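As structure tokens, the structure follows; a few thoughts come after it.
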DNA sequence: CTGAAAGCGCTTACAG
DNA sequence: CTGAAAGCGCTTACAG
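Residue numbers (the numbering used here), protein chains in the order written: chain B, 993 to 1354; chain F, 993 to 1354.
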């Protein structure tokens, strides 16, 4: 290796000069004694004489040559940048990061790199991010949509960008989408509580502006209706945007003259609030709880926490499949993938209503 | 808006033709009746006659023009792509995704977009990702290093890429780095157990190839030494790479003829294994437990789980500051930022050793 | 301030 | 198979 900075040990103690120019194909061509075209062909694996190819690769190695992917994209016919953008509510929430990983596992096989960012559920910020990504000419975009109008994406899609929505359907635009069976999952969770004897089941829900929150509430109502249990708004609390709000709501329900014997929590943070309300009231062994979304340590609680689990990594993989199939030229009708949930019974769902005895088949 | 596909409602029911060419500066120039240079200047906010600028922006709006950032980078003097790459062990682990978010919060203010990917602690895969990122000409790279040699990054750094290591120091290259005070944090956690009377404290550790694991073990030994407690390898288990392995190791310790009265778990998954071992043995109210890294629901356990918490978002922000200061031209000596931990006492650390009574100052 | 021209690093018809 | 030339979308000296 050549020593660029004049030091002999190769380990300069400061960061060193920032001037070193990156070698280009032209440099490789000069060193290998061939034309630029030949270097390009050798690098891209097109038919080239074996001798010349060897000289190119040797020169390339010697110089530490790395092809500039952006320049290549600019000139190439297919125009693919081999990068995709992911827009989440928040990259740091467990759902997002698991979707991200699922996506990455598929993308990696294609040499596609992944941008990821957070909209914080702010439509303006989502749009800003999308435009920044389009400026970088991403081949596709995965969006957990915030806001009421995604028509602004239409133009880019017409320019060939593959767009897939995840977790919530888009509005004002048709596109491929991957969803969880929110209504079905919730109905299964609530049905589980009904099966062990509960008739008065409280519901704690997320912000009703969210599609998922509404679908889950529907599942709750459907499960009640299927068992001829009347829907009672008195035990339903919505718009719980934080675990603190959820905790307060759960406490209210427990203090009702006719309190629920079981609770269904419609989301992660809501579940955490409910757990802490039950513990605060010393009611965790008396009032059953089932939550939507699994949590770390859920099985270490006493009693264990029964949940309706999604598979976010599978969502990410499914979104990737839809996206890449479009990039591969699939031009069929719009597709909607709905992934099933899984009920993980860990105990509290098993708490029967007070006064009942061994109710198995209600 | 012009209807490109011939439908009149603007909402085609299929994805539609993928042929629409994206408008370029040339198109904008033609529509505005000015030269390409003027469009470029107007778009970039350089001095341009107000009238012409207005015409350019109007034409730009009409066409839905979006500057091609890659083409711009290619020609610009500074060569900045306004994108940075993050390489984690796994984007989906909570530590990584919180670092990611912290980084994003700083990067966003600069209009910088973030690639993120997983190495799975495989050095080859890390290097592959790094090269893919360099091909996209990222301005900087944040790496949670896997593997024993990061000399391969030197060349890119000499070409001007800012590189910052996170969580673990790099080997075979000097670079800016952000670490957590692993030894100090562990010593504080173990010291907490000693302060409430424990003398026989078991240690459950991650794979010793990891720098963090070794630093934490050192902290454990230092805390023991500071209180003249002999280090007993019989109650130390290392190489616990999963919660299952940790659970098994904790069970072994509990079955020792002279079992520990308290455990320190050196990492997330290790803590989860320890929690489940204690519960399995019905020992959770008898044997104290402190873990490194906070966990969701840790305060909902019975008893609550005391932890030594890191601040991964702060790590991400600190890494971003280091990285951007280099890009801004800072050319000083290498910097190492060590972030403090925080002891969150929630109960189990408070369990005194059996037979002792109200030991406050041991 | 404005425009014509050169050129960033690459790919790809086009002749040989 | 090989090379000279044109050009992807943009920025930036260079003259005016």
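Glycine is no exception: its CB is placed at the ideal position from the N, C-alpha and C atoms.
Every value quoted in this text rests on a predicted model; they were computed, and no experiment measured them.
Strictly by DSSP, which residues pair up with residue i?
i                       : result
residue 1079 of chain F : F:1109 and F:1135
residue 1157 of chain F : F:1135 and F:1169
residue 1193 of chain F : F:1254
residue 1040 of chain B : Beta-bridge pairing links residue 1040 of chain B to no other residue.
residue 1229 of chain F : F:1196
Got a sec: is the Cβ-Cβ distance from residue i to anything in chain B below 7 Å?
i                       : result
residue 1056 of chain F : yes
residue 1061 of chain F : yes
residue 1046 of chain F : no
residue 1329 of chain F : no
residue 1089 of chain F : yes
residue 1316 of chain F : no
residue 1431 of chain F : Any answer about residue 1431 of chain F is impossible in this case: the structure gives chain F only from 993 up to 1354.
residue 1142 of chain F : no
residue 1342 of chain F : no
residue 1275 of chain F : no
residue 1093 of chain F : yes
residue 994 of chain F  : In this prediction, residue 994 of chain F has a pLDDT of 31, which is less than 50 and means its spatial position is unreliable; what the coordinates show is noted afterwards. Closer than 7 Å: no.
Chain F beta carbons: is any one of them nearer than 7 Å to that of residue i?
i                       : result
residue 1071 of chain B : no
residue 1084 of chain B : yes
residue 1147 of chain B : yes
residue 1287 of chain B : yes
residue 1336 of chain B : no
residue 1128 of chain B : yes
residue 1136 of chain B : no
residue 1104 of chain B : no
residue 1066 of chain B : yes
residue 1262 of chain B : no
residue 1267 of chain B : yes
residue 1050 of chain B : no
residue 1306 of chain B : no
Rounded to the nearest angstrom, what separates residue i and residue j at their Cα positions?
i                       : j                       : result
residue 1021 of chain B : residue 1048 of chain B : 7 Å
residue 1186 of chain F : residue 1116 of chain B : 52 Å
residue 1334 of chain F : residue 1219 of chain B : 50 Å
residue 1084 of chain F : residue 1029 of chain B : 42 Å
residue 1168 of chain B : residue 1286 of chain B : 26 Å
residue 1269 of chain F : residue 1245 of chain F : 10 Å
residue 1152 of chain F : residue 1150 of chain B : 37 Å
residue 1106 of chain B : residue 1307 of chain B : 16 Å
residue 1230 of chain F : residue 1257 of chain F : 10 Å
residue 1265 of chain F : residue 1097 of chain B : 27 Å
residue 1277 of chain B : residue 1293 of chain F : 14 Å
residue 1273 of chain F : residue 1086 of chain B : 30 Å
residue 1338 of chain F : residue 1122 of chain F : 41 Å
residue 1210 of chain F : residue 1196 of chain F : 13 Å
residue 1081 of chain B : residue 1026 of chain B : 51 Å
residue 1249 of chain F : residue 1174 of chain F : 31 Å
residue 1031 of chain B : residue 1063 of chain F : 22 Å
residue 1000 of chain B : residue 1071 of chain F : Per-residue confidence for residue 1000 of chain B stands at a pLDDT of 34, beneath the threshold of 50, marking its modelled position as unreliable; no derived number is given.
residue 1133 of chain F : residue 1118 of chain F : 12 Å
For the beta strand (DSSP E) containing residue i, list its first residue and its last residue.
i                       : result
residue 1355 of chain B : Nothing about residue 1355 of chain B can be reported from this structure: the residues present for chain B run from 993 to 1354 only.
residue 1171 of chain F : 1168-1172
residue 1334 of chain F : 1334-1336
residue 1282 of chain F : 1280-1284
State the start and end residues of the unbroken alpha helix (DSSP H) segment that holds residue i.
i                       : result
residue 1031 of chain F : 1028-1036
residue 1329 of chain B : Here residue 1329 of chain B belongs to no alpha helix (DSSP H); instead the beta strand (DSSP E) covers 1328-1331.
residue 1264 of chain F : 1260-1272
residue 1016 of chain B : Careful: residue 1016 of chain B lies outside any alpha helix (DSSP H) and carries neither H nor E.
residue 1314 of chain F : 1304-1319
According to the Cβ coordinates, are residue i and residue j closer than 7 Å?
i                       : j                       : result
residue 1302 of chain B : residue 1172 of chain B : yes
residue 1183 of chain B : residue 1207 of chain B : no
residue 1221 of chain F : residue 1135 of chain F : no
residue 1140 of chain B : residue 1253 of chain B : no
residue 1163 of chain F : residue 1138 of chain F : no
residue 1159 of chain F : residue 1259 of chain F : no
residue 1051 of chain F : residue 1024 of chain F : yes
residue 1170 of chain F : residue 1329 of chain F : yes
residue 1194 of chain F : residue 1156 of chain F : no
residue 1095 of chain B : residue 1312 of chain B : yes
residue 1299 of chain B : residue 1290 of chain B : yes
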